[in-house]
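A quick write-up on the structure given underneath.
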Amino acid sequence: MINQTVEHILLKFLLLNPKAFDQIVNKINIHDFNDAKVKFIYNLLLGLKQQKQIWDINKSDLFLTNIPKFKRPHIKNYLIEIVQNTPLCQLTEIDSYIQQIKQYSSEKEIEQITNKTHLFTTPKDLMEIILQKTIFNPSKNGLLGLDTGFSQLNNDTLGFQKGELIILGARPGVGKTTLMMNLAINIITKNLNSKVVIFSLEMSNTQLILKSLSSVSNVDMRRLRLGEVSEKEKANIIVSSRALEQLQLFFDDESSLVSEIEIKCNEFRQTNGLDIVFIDYLQLLQDKPVDKISNQLKQLAKKLNIVIFCLAQLNRDSAKGNTPRKPKLTDLKDTGNIEQDADLVMLLYCETNITIASLPQSKYELIIAKNRNGISNKSYQLNFNNQTQTFTEKLEE
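Residue numbers (the numbering used here): 15 to 411.
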């Protein structure tokens with residue numbers, strides 16, 4: 015409780031003195047805080063600062079715009095409570111409070127380590143886990159991870175497995191977001207009680223759900239957006255919308271920092287459970303150089319024991335000419351160490367130099383460029399229906 019009070023004092027100072035934030039941000043890390051609510055607010059302040067916005071605690075709307083609507087009353091009350099009921103401190107006292115917070119953080123970390131029965135994992139520990147997962151609890155569907163809804167992909171990956179970082183790369187306009195949404199819907203419907211979160215940095219939540227509604231209802235996307243649908247299609251849309259409402263699918267189109275994603279996923283996982291997180295897309299994440307983000311995402315997948323599936327932009331060089339060449343790992347744009355960090359890298363390829371909106375029906379190829387746990391340099395043929403925003407696999411005859 016003493017440490018919580020110290021964190022509240024520091025938070026109140028930051029809320030009331032936004033111009034002093036630059037002097038403090040380099041002295042303390044978000045992970046030094048123990049209180050989850052303080053972490054959440056501090057992360058909001060980091061985001062506002064990065065956007066070069068100066069906050070005013072008396073005008074809470076600036077804070078609340080980046081928070082889901084159902085959380086806004088709770089956060090607003092929390093801010094009021096901090097400002098009204100927490101002791102005030104001066105700038106000259108801040109270093110002392112920061113030191114107390116960091117000291118407590120270090121002591122807690124040491125305590126977690128010393129509470130382990132031993133410092134290293136032994137073969138005995140590992141074999142107990144492996145035997146439970148294989149011999150004593152074998153897979154019932156031939157998969158070790160999440161069913162993707164694509165049989166050939168399942169066969170070579172054994173499903174998307176927890177702790178994995180998966181990358182789907184494509185050049186702009188080819189359809190990686192649409193394939194992502196198809197996979198998300200497949201995973202929810204094929205895997206009982208699975209929880210799926212989508213962070214969209216490019217499209218709005220509304221745009222994404224429209225893609226899904228078009229795919230599930232089998233109604234032309236353009237006519238669906240314009241409302242130019244028949245009575246039969248209207249009935250189908252209503253039935254499909256009710257089905258989508260029941261899915262454990264959660265959207266966020268406001269987070270653009272890995273730190274925000276981590277906090278939200280951790281909080282969501284503790285409350286609801288979490289299986290897979292989709293991110294659209296890698297190069298739009300803002301809080302770190304791109305060459306470090308892939309490692310950060312991989313560590314997050316391991317830490318939370320979830321799948322992280324991230325889209326990535328390919329260089330436009332792969333699209334030059336009338337017939338674009340097949341993409342390869344080196345075409346991933348500004349992605350740094352992604353070849354080392356990712357467990358699975360897939361590249362989406364269309365043989366003609368067109369965007370996804372150009373033709374009603376198109377043939378695609380899904381290339382497995384890297385597969386740490388299986389066969390690499392393999393590809394599958396996909397058919398794409400632009401009208402209903404649906405990818406289907408072309409099974410071998």
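Cβ coordinates follow ideal geometry from the N, Cα and C atoms, glycine included. These numbers come from a predicted model, not from an experiment.
Item to complete: Decide if K33 is buried, meaning its Cβ has at least 16 other Cβ atoms within 10 Å, or exposed.
Response: The residue you call residue 33 lines up with position 19 of the sequence shown. Exposed.
Worksheet item: By Cβ distance below 8 Å, which residues in the same chain neighbour K176 in space, the five residues on each side in sequence not counted?
Response: The residue given as residue 176 occupies position 162 in the sequence shown. Only G159, D289, A315, N319, I320, V321 meet the Cβ criterion.
Worksheet item: When DSSP labels each residue in this structure, what does Y394 get in the three-state scheme?
Response: Here residue 394 refers to the residue found at position 380 when the sequence shown is read from its first residue. In this structure, Y394 counts as strand in the three-state DSSP scheme.
Item to complete: For the region 38-48 and the region 113-123, state whether three or more C-beta atom pairs, one from each stretch, are separated by less than 8 Å.
Response: yes
Item to complete: For H22, collect the residues of the same chain with a Cβ closer than 8 Å to its Cβ; drop the 5 residues on either side in sequence, then sort them by chain order.
Response: Here the question's residue 22 lines up with position 8 in the sequence shown. Result list for H22: D49, V52, I96, T100, in chain order.
Discussion item. Using CA atoms only, rank isn't needed, just tell me which of I199, N207, F27 is closest to N222.
Written reply: Counting from one through the sequence shown, the residue named residue 222 turns up at place 208. The sequence shown places Leu at residue 222, rather than the Asn named in the question. Residue I199 is the option with its Cα nearest to L222.
Worksheet item: Which runs of the beta strand (DSSP E) fall wholly inside the region 214-253 and span at least 3 residues, in chain order?
Response: none
Discussion item. Starting from G61, trace the alpha helix (DSSP H) in both directions and tell me its first and last residue.
Written reply: For the purposes of this step, residue 61 is taken as the residue at position 47 of the sequence shown. First-last of the alpha helix (DSSP H) with G61: 50-64.
Fill in: Distance, T220 Cα to I94 Cα
If you number the sequence shown from 1, residue 94 lands on position 80. If you number the sequence shown from 1, residue 220 lands on position 206. In a straight line, the C-alpha of I94 is about 32 Å away from that of T220.
Item to complete: Give the secondary structure of C103 by DSSP, where H, G and I count as helix, E and B as strand, and everything else as coil.
Response: Start at 1 with the first residue of the sequence shown, and residue 103 comes out as number 89. Correct three-state label for C103: coil.
Discussion item. Give me the residue from N169, Q395, D234 with the minimum Cα distance to I389.
Written reply: Against the sequence shown, residue 389 aligns to sequence position 375. Among N169, Q395, D234, the Cα nearest to that of I389 is on N169.
Practice prompt. State yes or no: is the beta carbon of G287 nearer than 9 Å to at least one beta carbon in chain B?
Written response: Among the protein chains of the structure shown there is no chain B, as only one such chain exists.
Worksheet entry | A371, DSSP secondary structure in three states | Residue mapping note: residue 371 aligns to position 357 of the sequence shown, counting from 1. Here A371 scores only 46 on pLDDT, less than 50, and its place in the model is too uncertain to base an answer on.
Worksheet item: In chain order, what residues of the same chain lie with their CB nearer than 7 Å to the CB of L105, ignoring the 5 residues before and after it?
Response: Here residue 105 refers to the residue found at position 91 of the sequence shown. A34.
Discussion item. Between which two residues does the beta strand (DSSP E) holding I293 run?
Written reply: Locating residue 293 in the sequence shown gives position 279, counting from the first residue. Start and end: 290-294.
Worksheet entry | Contact belief for L325 with K190 at Cβ below 8 Å, rounded distance in angstroms | The residue you call residue 325 lines up with position 311 of the sequence shown. The residue you call residue 190 lines up with position 176 of the sequence shown. 5 Å between Cβ atoms; contact.
Practice prompt. Starting from the Cα of L215, find the closest Cα among P137, D234, Q300 and give me that residue.
Written response: As a first step, residue 215 is located in the sequence shown; it is residue number 201 there, counting from the start. Cα-wise, what sits closest to L215 is Q300.
Worksheet item: CA-CA distance, V253 and V211?
Response: Indexing the sequence shown from 1 puts residue 253 at position 239. Indexing the sequence shown from 1 puts residue 211 at position 197. For V253 and V211, the distance between alpha carbons rounds to 23 Å.
Practice prompt. Tell me, to the nearest whole angstrom, how far the beta carbon of Q327 is from that of Y295; I am working on the premise that it is less than 8 Å.
Written response: On the sequence shown, position 313 is the one that residue 327 refers to. On the sequence shown, position 281 is the one that residue 295 refers to. The pair is a contact, with the Cβ atoms about 6 Å apart (cut-off 8 Å).
Discussion item. So, with DSSP's three-state summary, where would you put K384?
Written reply: Locating residue 384 in the sequence shown gives position 370, where the first residue counts as 1. Looking at K384 - three-state DSSP - the assignment turns out to be strand.
Worksheet item: On the three-state DSSP scale, how would you describe L298?
Response: Locating residue 298 in the sequence shown gives position 284, where the first residue counts as 1. It is helical.
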